[in-house]
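A.B. asks:
There are 2 protein chains.
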Amino acid sequence: METPGSQSSLHRANLERVVRAVRLAGSLTQAEIARTTGLSAATVSNIVRELKDGGTVEVTPTSAGGRRARSVSLSGDAGIVIGVDFGHTHLRVAVGNLAHQVLAEESEPLDVDASSTQGFDRAEELVNRLISATGVDRSKIAGVGLGVPGPIDVESGTLGSTAILPGWTGTKPAEELRGRLGVPVHVDNDANLGALGELVWGSGRGVRDLAYIKVASGVGAGLVINGKIYRGPGGTAGEIGHITLDESGPVCRCGNRGCLETFAAARYVLPLLQSSHGTDLTMEGVVRLARDGDPGCRRVIADVGRHIGSGVANLCNLLNPSRVVLGGDLAEAGELVLGPIRESVGRYAIPSAARQLSVLPGALGGRAEVLGALALALSEMGDSTLLDSTLHATTPAFT
Amino acid sequence: METPGSQSSLHRANLERVVRAVRLAGSLTQAEIARTTGLSAATVSNIVRELKDGGTVEVTPTSAGGRRARSVSLSGDAGIVIGVDFGHTHLRVAVGNLAHQVLAEESEPLDVDASSTQGFDRAEELVNRLISATGVDRSKIAGVGLGVPGPIDVESGTLGSTAILPGWTGTKPAEELRGRLGVPVHVDNDANLGALGELVWGSGRGVRDLAYIKVASGVGAGLVINGKIYRGPGGTAGEIGHITLDESGPVCRCGNRGCLETFAAARYVLPLLQSSHGTDLTMEGVVRLARDGDPGCRRVIADVGRHIGSGVANLCNLLNPSRVVLGGDLAEAGELVLGPIRESVGRYAIPSAARQLSVLPGALGGRAEVLGALALALSEMGDSTLLDSTLHATTPAFT
DNA sequence: AGCTTAGAGTTCACTAGTTGGACATAGACG
DNA sequence: CGTCTATGTCCAACTAGTGAACTCTAAGCT
Numbered sequence: 005m006e007t008p009g010s011q012s013s014l015h016r017a018n019l020e021r022v023v024r025a026v027r028l029a030g031s032l033t034q035a036e037i038a039r040t041t042g043l044s045a046a047t048v049s050n051i052v053r054e055l056k057d058g059g060t061v062e063v064t065p066t067s068a069g070g071r072r073a074r075s076v077s078l079s080g081d082a083g084i085v086i087g088v089d090f091g092h093t094h095l096r097v098a099v100g101n102l103a104h105q106v107l108a109e110e111s112e113p114l115d116v117d118a119s120s121t122q123g124f125d126r127a128e129e130l131v132n133r134l135i136s137a138t139g140v141d142r143s144k145i146a147g148v149g150l151g152v153p154g155p156i157d158v159e160s161g162t163l164g165s166t167a168i169l170p171g172w173t174g175t176k177p178a179e180e181l182r183g184r185l186g187v188p189v190h191v192d193n194d195a196n197l198g199a200l201g202e203l204v205w206g207s208g209r210g211v212r213d214l215a216y217i218k219v220a221s222g223v224g225a226g227l228v229i230n231g232k233i234y235r236g237p238g239g240t241a242g243e244i245g246h247i248t249l250d251e252s253g254p255v256c257r258c259g260n261r262g263c264l265e266t267f268a269a270a271r272y273v274l275p276l277l278q279s280s281h282g283t284d285l286t287m288e289g290v291v292r293l294a295r296d297g298d299p300g301c302r303r304v305i306a307d308v309g310r311h312i313g314s315g316v317a318n319l320c321n322l323l324n325p326s327r328v329v330l331g332g333d334l335a336e337a338g339e340l341v342l343g344p345i346r347e348s349v350g351r352y353a354i355p356s357a358a359r360q361l362s363v364l365p366g367a368l369g370g371r372a373e374v375l376g377a378l379a380l381a382l383s384e385m386g387d388s389t390l391l392d393s394t395l396h397a398t399t400p401a402f403t
Numbered sequence: 005m006e007t008p009g010s011q012s013s014l015h016r017a018n019l020e021r022v023v024r025a026v027r028l029a030g031s032l033t034q035a036e037i038a039r040t041t042g043l044s045a046a047t048v049s050n051i052v053r054e055l056k057d058g059g060t061v062e063v064t065p066t067s068a069g070g071r072r073a074r075s076v077s078l079s080g081d082a083g084i085v086i087g088v089d090f091g092h093t094h095l096r097v098a099v100g101n102l103a104h105q106v107l108a109e110e111s112e113p114l115d116v117d118a119s120s121t122q123g124f125d126r127a128e129e130l131v132n133r134l135i136s137a138t139g140v141d142r143s144k145i146a147g148v149g150l151g152v153p154g155p156i157d158v159e160s161g162t163l164g165s166t167a168i169l170p171g172w173t174g175t176k177p178a179e180e181l182r183g184r185l186g187v188p189v190h191v192d193n194d195a196n197l198g199a200l201g202e203l204v205w206g207s208g209r210g211v212r213d214l215a216y217i218k219v220a221s222g223v224g225a226g227l228v229i230n231g232k233i234y235r236g237p238g239g240t241a242g243e244i245g246h247i248t249l250d251e252s253g254p255v256c257r258c259g260n261r262g263c264l265e266t267f268a269a270a271r272y273v274l275p276l277l278q279s280s281h282g283t284d285l286t287m288e289g290v291v292r293l294a295r296d297g298d299p300g301c302r303r304v305i306a307d308v309g310r311h312i313g314s315g316v317a318n319l320c321n322l323l324n325p326s327r328v329v330l331g332g333d334l335a336e337a338g339e340l341v342l343g344p345i346r347e348s349v350g351r352y353a354i355p356s357a358a359r360q361l362s363v364l365p366g367a368l369g370g371r372a373e374v375l376g377a378l379a380l381a382l383s384e385m386g387d388s389t390l391l392d393s394t395l396h397a398t399t400p401a402f403t
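If you read the sequences in order, they're chains A and B. Just remember that the working numbering sits 4 ahead of the position in the first sequence, which is counted from 1. Just remember that the working numbering sits 4 ahead of the position in the second sequence, which is counted from 1.
(1) Name the chain A residues that come within less than 9 Å of B:Ser314, Cβ to Cβ?
(2) List, in chain order, every chain B residue whose beta-carbon is nearer than 8 Å to that of A:Ala322.
(3) Identify every run of the alpha helix (DSSP H) within the stretch 246-276 of chain B, keeping only runs that are complete inside it and at least 4 residues long; order them along the chain.
(4) Specify whether the stretch 141-157 of chain A and the stretch 325-344 of chain A touch according to this definition: at least 3 beta carbon pairs, one from each stretch, less than 8 Å apart.
(5) Indicate the three-state DSSP secondary structure (helix, strand or coil) for A:Pro299 in the structure shown.
(6) According to DSSP, what are the bridge partners of B:Pro65?
(7) I'd like to confirm the pairing. Which residues does DSSP put opposite A:Gln321 in its beta bridges?
(8) Against chain B, does A:Asp192 count as a neighbour if the rule is that its beta carbon must be under 8 Å from one of theirs?
(9) Among the residues of its own chain, which have a CB less than 8 Å from the CB of B:Gly208, if the five just before and after it don't count?
(10) When the Cα of A:Glu54 is compared with those of A:Leu323, A:Val23, A:Gly30, which residue comes out closest?
(11) Can you list, in chain order, the residues of its chain with a C-beta nearer than 6 Å to that of A:Asn196? Leave out the 5 residues immediately preceding and following it.
(12) Any idea if B:Ser362 is buried or exposed, counting beta-carbon neighbours within 10 angstroms, 16 or more meaning buried?
(13) Is the CB of B:His237 under 8 Å away from at least one CB in chain A?
(14) By the DSSP assignment, the alpha helix (DSSP H) with B:Ala381 in it spans what residues?
(15) Between the alpha carbons of B:Ile135 and B:Asp125, how many angstroms are there, rounded?
(16) Check the C-beta distance from A:Ala381 over to A:Ala353 and give it rounded, since I have them as a contact under 8 Å.
(17) Can at least three beta-carbon pairs, one atom from the stretch 172-185 of chain B and one from the stretch 109-127 of chain B, be found at a separation below 8 Å?
(18) With a CB to CB cut of under 7 Å and the five nearest residues on each side skipped, what residues in its chain are close to B:Ala241?
(19) Report yes or no: do three or more beta-carbon pairs, one from the stretch 42-52 of chain A and one from the stretch 43-58 of chain B, lie closer than 8 Å?
(20) Is there a Cβ of chain A sitting closer than 8 Å to that of B:Ala357, yes or no?
(21) Take the Cβ of A:Val116 as the centre, count every other Cβ of all protein chains shown within 10 Å, and call the residue buried at 16 or more, exposed below.
(22) Taking DSSP's pairing of strands, which residues face B:Tyr216 in a bridge?
(23) Just reading off the alpha helix (DSSP H) that A:Leu334 is part of, what are its end residues?
(24) Going by beta carbon distance, what residues of the same chain come within less than 8 Å of A:Arg74, once the five residues before and after it are set aside?
(25) Straight-line CA distance for A:Ser13 to B:Asn18?
(26) Can you tell which of A:Arg303, A:Asn324, A:Val290, A:Glu243 has its C-alpha closest to the C-alpha of A:Leu274?
(27) Hey, A:Ile244 and A:Gly259: beta-carbon distance below 8 Å or not?
(28) If you drop the 5 nearest sequence neighbours on each side, which residues of the same chain put their C-beta closer than 7 Å to that of B:Arg142?
(29) Looking at the secondary structure, which residues open and close the alpha helix (DSSP H) in which B:Lys56 lies?
(30) If you run the structure through DSSP and keep just helix, strand and coil, what is B:Ile135?
(31) Tell me whether B:Leu2 sits in a helix, a strand or coil according to DSSP, three-state version.
(32) Name the residues in the stretch 30-48 of chain B whose C-beta lies less than 9 Å from a C-beta of chain A; which are they?
So, in structure tokens, the structure goes:
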């Protein structure tokens with residue numbers, strides 16, 4: 005690490021400036037780079053040569069109005085990042101490059117009762133499979149982002165006690181995976197990664213401040229503030245599920261009464277339908293039935309929406325984000341749940357805060373978390389362009 | 005404005021680095037500067053000479069173990085910033101320097117019915133008085149921070165409609181004051197400035213994330229996230245007063261029911277005591293009576309505290325700040341109100357979020373907003389050291 | 001008192017890096 | 001085919017940081 009303030013650090017900064025400009029635009033000629041970065045043409049010429057020699061960038065001829073300009077674009081295999089997402093029932097892996105393109109992505113079911121060792125074995129295997137499938141050079145792997153479905157202390161990397169996956173409590177997933185893959189691994193919880201995923205590739209593009217609400221077995225939120233995930237000093241920011249909606253409401257697993265979760269999370273909502281719809285109902289099933297017109301399921305989903313809306317209204321008053329993105333299984337219900345949410349927000353949030361808020365369904369579905377893991381890996385390797393948006397990433401159809 | 009990425013911008017950055025190091029430490033020898041900034045001794049030598057010639061910095065001899073080291077410190081009159089705070093009943097002005105020292109501060113009553121023109125006349129007058137009192141050079145004024153007690157659109161600078169001061173709606177206070185003083189003026193609302201003041205000089209020192217809750221005629225919060233005021237994309241973040249605590253509670257001026265404000269703000273709470281304690285009661289009076297043992301006032305204050313605590317618990321679940329600072333008249337009640345707040349937070353916030361939260365009274369009382377205005381002026385002129393804390397500012401007794 | 005030592009600041013030659021201007025290049029347009 | 005125009009490259013000039021050598025000062029030791 006060289007000293008900051010030296011000439012070489014300036015040079016490095018300028019290299020990054022150029023790379024960022026190219027990434028944002030997709031491809032640029034040198035003259036365009038000079039204009040957008042404010043650097044002189046001579047400097048750009050030098051920097052492009054250096055980047056080309058280093059393999060970070062590719063140069064292809066173009067036809068233009070004057071001398072033939074050369075189009076500069078990021079070379080696809082300059083660096084590879086990997087996203088791994090452990091869900092409650094699935095394991096997902098994605099491989100991407102520095103140009104924010106997803107090269108490959110795969111998902112497989114994961115047994116909830118699997119031991120952590122088994123889980124990591126499967127993850128390692130799947131990563132290896134995707135790497136050889138895409139034919140990229142293993143040595144090009146720059147970093148890995150890892151998502152876990154539970155509270156994780158980002159400092160120590162230790163998984164907290166209420167993890168959905170039993171038997172994983174107290175493990176250090178990042179360390180474990182790092183040991184197996186031999187590259188830096190960065191970990192975060194699923195709500196935060198979902199937020200990041202939707203921010204970079206989904207419904208949050210072009211926005212700097214958003215909340216991603218994930219409704220599944222519990223209710224959590226990932227907050228993006230100024231384009232970055234906000235975790236709070238203690239790492240527990242975004243616990244919207246335990247906002248109190250009714251002081252004398254049902255008892256929540258957290259010990260309080262009337263938390264949002266007790267009105268919206270699968271574990272509290274599904275029992276309402278068990279007497280009428282059977283005991284092996286899942287959230288997915290409820291959503292499907294509701295879309296097919298089942299009145300009971302519709303009613304339940306609307307009620308859930310209203311309660312979520314109350315929580316979102318509070319969040320909106322406090323944080324005034326420009327967008328709220330709904331993720332998790334529930335998001336599949338579309339307007340059936342979004343309508344009541346918007347209605348509730350409109351009623352309970354102060355008008356000036358609600359006015360410019362848009363409530364959207366996640367665009368990535370269950371992929372939000374893996375793609376967020378990818379984005380985490382990118383951002384941890386110093387890619388500060390993630391929020392500058394208008395990223396034209398090609399997200400291949402999920403296989 | 006020169007291009008970023010050039011050598012001269014590097015030089016400028018290094019100048020700032022040195023200034024920052026000196027400000028943080030109070031005074032340093034050149035060798036110490038070199039060590040803390042990572043710059044070489046030669047560079048530091050050049051930069052210090054440049055700063056000394058420019059008058060930004062003063063060099064005084066010291067005795068040390070080797071060659072006599074020269075102690076470098078910011079020269080007191082290198083630049084002056086001014087804070088102006090319009091309160092509901094007071095006008096306050098403070099003068100400070102770049103070393104984060106408050107040179108003079110004064111307050112005078114302001115008639116609520118005063119026209120905005122009158123208000124600005126008074127402000128201009130008071131600023132002029134303090135400037136000549138401190139004997140600083142007018143041309144050294146680098147910027148002004150201005151606080152107004154109402155919703156202000158920071159972009160356009162227009163005061164919103166619910167301002168406490170009647171007849172000020174629609175004015176552009178920053179423009180107005182800029183016209184009179186001839187220097188850049190930056191404006192924000194009182195809650196945000198209070199937060200900034202407590203962050204830099206008060207109960208928020210050493211912390212990066214805090215919420216400043218101001219309870220007065222209404223209830224508002226200023227949020228500091230990552231050491232900076234967070235206003236939200238629409239500029240209305242921090243509206244904790246309109247969090248819904250009881251869907252069927254009293255009707256609030258915002259049109260909803262059961263907002264925190266209806267349980268905690270002076271305008272809703274004072275009427276509760278009017279039949280027993282007379283109609284010309286103020287919040288200040290209630291606090292005084294409560295401290296003297298009046299059971300009714302104590303009860304009311306405790307109830308207010310409990311409700312605020314509920315709101316803070318929600319905030320805490322969402323943002324997980326490391327500190328909550330209570331400001332406004334109510335803060336004078338001390339433990340009478342803090343106790344119930346803490347109790348309520350402990351009950352309603354999830355333990356992991358509440359664990360490392362401290363709820364403190366503001367250390368600056370009614371001065372928080374002016375000092376925050378001072379800090380705003382400093383930060384707007386590119387002083388990014390405000391949060392790096394351990395600032396040993398000397399805050400003279402309030403005159 | 002005199003010598004030594006060690007840390008502080010300065011000077012200088014050197015190096016890294018950016019820039020303006022001159023120049024070569026290549027297509028478009030008449 | 002000449003002209004025009006925008007592009008990319010080269011070179012000399014310039015800016016700014018750095019290591020090494022050097023000077024300076026006070027304290028500690030003999």
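Glycine included, C-beta positions come from ideal geometry on N, C-alpha and C.
C.D. replies: Checking against the coordinates, here is how it stands:
(1) Correct list: Thr248, Glu251.
(2) Inspection of the sequence shows that residue 322 of chain A is occupied by Leu rather than by Ala. Those are Ala225, Leu227, Ala241, Gly242, Glu243, Ile244, Ile247, Asn318, Leu319, Leu322, Leu323, listed as they occur along chain B.
(3) DSSP runs (the alpha helix (DSSP H)) wholly in the stretch 246-276 of chain B: 265-268.
(4) Pairwise C-beta distances place the stretch 141-157 of chain A out of contact with the stretch 325-344 of chain A, as fewer than three of them are shorter than 8 Å.
(5) Shown here, A:Pro299 sits in a helix according to DSSP, grouped into three states.
(6) B:Pro65 is bridged by DSSP to B:Arg74.
(7) Looking at the sequence itself, residue 321 of chain A is Asn, so the reference to Gln does not match. Per DSSP, none; premise fails for A:Asn321.
(8) Chain B contact via Cβ: absent.
(9) Residues of the same chain with a CB within less than 8 Å of the CB of B:Gly208, apart from the 5 flanking positions on each side, are Ala199, Glu202, Leu214, Tyr216, Val228, Arg327, Val329 in chain order.
(10) Checking every option, the nearest Cα to that of A:Glu54 belongs to A:Val23.
(11) Short of 6 Å from the beta carbon of A:Asn196, and not among the five residues preceding or following it, lie these beta carbons of its own chain, in chain order: Gly226, Ile233.
(12) Exposed is the call here.
(13) Looking at the sequence provided, one finds Pro at residue 237 of chain B rather than His. It does; some Cβ of chain A falls within 8 Å.
(14) B:Ala381 -> alpha helix (DSSP H) spans 372-384.
(15) Near 15 Å, if we compare the C-alpha coordinates of B:Asp125 and B:Ile135.
(16) With a contact defined as Cβ atoms closer than 8 Å, A:Ala381 and A:Ala353 miss out at about 35 Å.
(17) Counting Cβ pairs under 8 Å, three or more are found: they touch.
(18) Here the set comprises Leu227, Tyr234, Arg235.
(19) Contact annotation: the stretch 42-52 of chain A does not touch the stretch 43-58 of chain B, with fewer than three C-beta pairs closer than 8 Å.
(20) Yes, contact with chain A.
(21) Answer is exposed; the Cβ neighbour count stays below 16.
(22) Within the DSSP secondary-structure output, B:Tyr216 pairs in a beta bridge with B:Gly226, B:Val329.
(23) Looking at the DSSP string, A:Leu334 is not in any alpha helix (DSSP H), and its letter there is neither H nor E.
(24) Around A:Arg74: Thr33, Gln34, Val63, Thr64, Pro65, Thr66.
(25) Rounded to whole angstroms, A:Ser13 to B:Asn18 spans 12 Å at the Cα level.
(26) Ranking A:Arg303, A:Asn324, A:Val290, A:Glu243 by Cα distance to A:Leu274 puts A:Val290 first.
(27) Against a cut-off of 8 Å, the Cβ pair of A:Gly259 and A:Ile244 comes out as no contact.
(28) So the list reads Ile135, once near-sequence residues are dropped.
(29) Counting along the chain, B:Lys56 sits inside the alpha helix (DSSP H) bounded by residues 45-58.
(30) Looking at B:Ile135 - three-state DSSP - the assignment turns out to be helix.
(31) Outside the modelled stretch of chain B, which goes from 5 to 403, sits residue 2 of chain B, for which no answer is possible.
(32) The residues in question are Thr41, Gly42, Leu43, Ser44, Thr47.
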